[in-house]
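Each number in our numbering corresponds to the 1-based position in the sequence shown with 1357 added. Ideal placement from N, C-alpha and C gives every residue a C-beta, glycine not left out. Okay, structure first, notes after.
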Amino acid sequence: DKLITQNPLFIDAFREINNIGSGNAASAVAAMLGQKVDITVPSVIVEKIPNVIEKIGSPDEPAFGVQLTYNGDLDGVILLIFKEDTVKTLAKLLMGMEVEEIDDMTISMIQEIGNIVSASFLNAIATFFNVQVLPSPPSAAYDMLQALLNLALASIAAETDYALVVKTEFIIGNDENNKAEGWIVNVPSPESFIKLLKLMGLLGDEDVE
């Protein structure tokens, strides 16, 4: 457990990867919106699956999720989570008006942003480790936090124990008070976690049964 959850080299590597991914995502979202966008990564942790939700919020809290699976040299699922109030904040920042209810236009916009952000972070992983990773088309859902995570986990054939949980902050325009947060939950398959540890030199063939 400690090799994954508490290893500083593992955490530092993914912090750097996510900083690269956030920069790429910010550029892509800014190009889509036609205005300045900054995306920062305040925290990166590796957490056991049963503890993921408590890092984000309450299990029955409504949220919006954008999910994509990936395969190739690594396989797994990425779930980008925006809480309901964050979706409304993002919609207000992007459309310049208060949003009382989450409509189809808001969902479409958030799904596109989620797709860009998830793909950017996935590309950063692929580039950093020099591996090929192919994402699926994204799917979006509005549900309770626990239900969103359960749906994402169901898309992985193998049962997995750990997730990379990345907190992200979006600043749109020049006002740093215009801030919205999201969470990226990256769940590699067990085989992919082992491969990542090997690529980092943290695990040898003799360490794997």
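Euclidean distance between Cα positions of Tyr1499 and Glu1373 = 30 angstroms
Hey, how far is the Cα of Leu1491 from the Cα of Pro1365?
-> 28 angstroms
Spatial neighbours of Ala1370 within its chain, please: CB distance less than 8 angstroms, with the 5 preceding and 5 following residues excluded, ordered by chain position.
-> Within the same chain, and ignoring the five residues on either side of Ala1370 in sequence, the residues whose Cβ sits closer than 8 angstroms to its Cβ are Phe1485, Met1557.
Would you list the residues sitting across from Glu1592 in a DSSP beta bridge?
-> Shown here, the chain extends from 1358 to 1566; a query on residue 1592 therefore has no answer.
Under the three-state DSSP convention, the category Pro1637 falls into | Past the boundaries of the shown model lies residue 1637; the chain is included only from 1358 to 1566, so the question cannot be answered.
Once you ignore the five residues that flank Leu1425 on each side, which residues in its own chain have a CB closer than 6 angstroms to its CB?
-> Ile1435, Ser1475, Pro1492, Ser1493, Pro1495
Going by Cα to Cα distance, which pick from Leu1450, Lys1555, Gly1530, Thr1397 is closest to Ile1541?
-> Of all alpha-carbon atoms in Leu1450, Lys1555, Gly1530, Thr1397, the one lying nearest the alpha-carbon of Ile1541 is that of Thr1397.
Would you call Ala1537 buried or exposed, if buried means 16 or more other Cβ atoms sit within 10 Å of its Cβ?
-> buried
Closest residue to Ile1463 among Ala1481, Val1488, Gly1433, Gly1422 (Cα-Cα distance) | The sequence shown places Thr at residue 1463, rather than the Ile named in the question. Of the listed residues, the one whose Cα sits closest to Thr1463 is Gly1422.
Could you name the residues that DSSP lists as bridge partners for Phe1545?
-> Note on residue identity: the sequence assigns Pro, not Phe, to residue 1545. According to DSSP, residue pairing for Pro1545 in a beta bridge involves Gly1433.
Count the other CB atoms, across all protein chains shown, that sit within 10 Å of the CB of Ala1531; report buried if there are 16 or more and exposed otherwise.
-> One point to set straight first is that residue 1531 is Asn, not Ala, in the sequence displayed. Exposed, since its Cβ has fewer than 16 Cβ neighbours within 10 Å.
Looking only at C-alpha atoms, which of Glu1526, Asn1535, Ser1546 sits nearest to Asn1375?
-> That would be Glu1526, whose Cα lies nearest to the Cα of Asn1375.
Going by C-alpha distance, which of Glu1457, Ile1406, Asn1428 is nearest Glu1516?
-> Ile1406
Supposed close pair Val1386, Ile1473 - CB separation, criterion 8 angstroms = 6 angstroms
Are Lys1412 and Val1522 touching if we call contact CB-CB under 9 angstroms?
-> yes
8 angstroms Cβ shell around Gly1433 - same chain, five flanking residues per side excluded = Thr1426, Tyr1427, Ile1513, Thr1517, Asn1543, Val1544, Pro1545, Ser1546, Ser1549
Enumerate in chain order the residues of its own chain whose CB-to-CB distance from Ile1482 is below 6 angstroms, with the five nearest sequence positions on each side excluded.
-> Scanning its chain for C-beta atoms nearer than 6 angstroms, with the 5 sequence neighbours on each side dropped, one finds around Ile1482 the residues Ile1374, in chain order.
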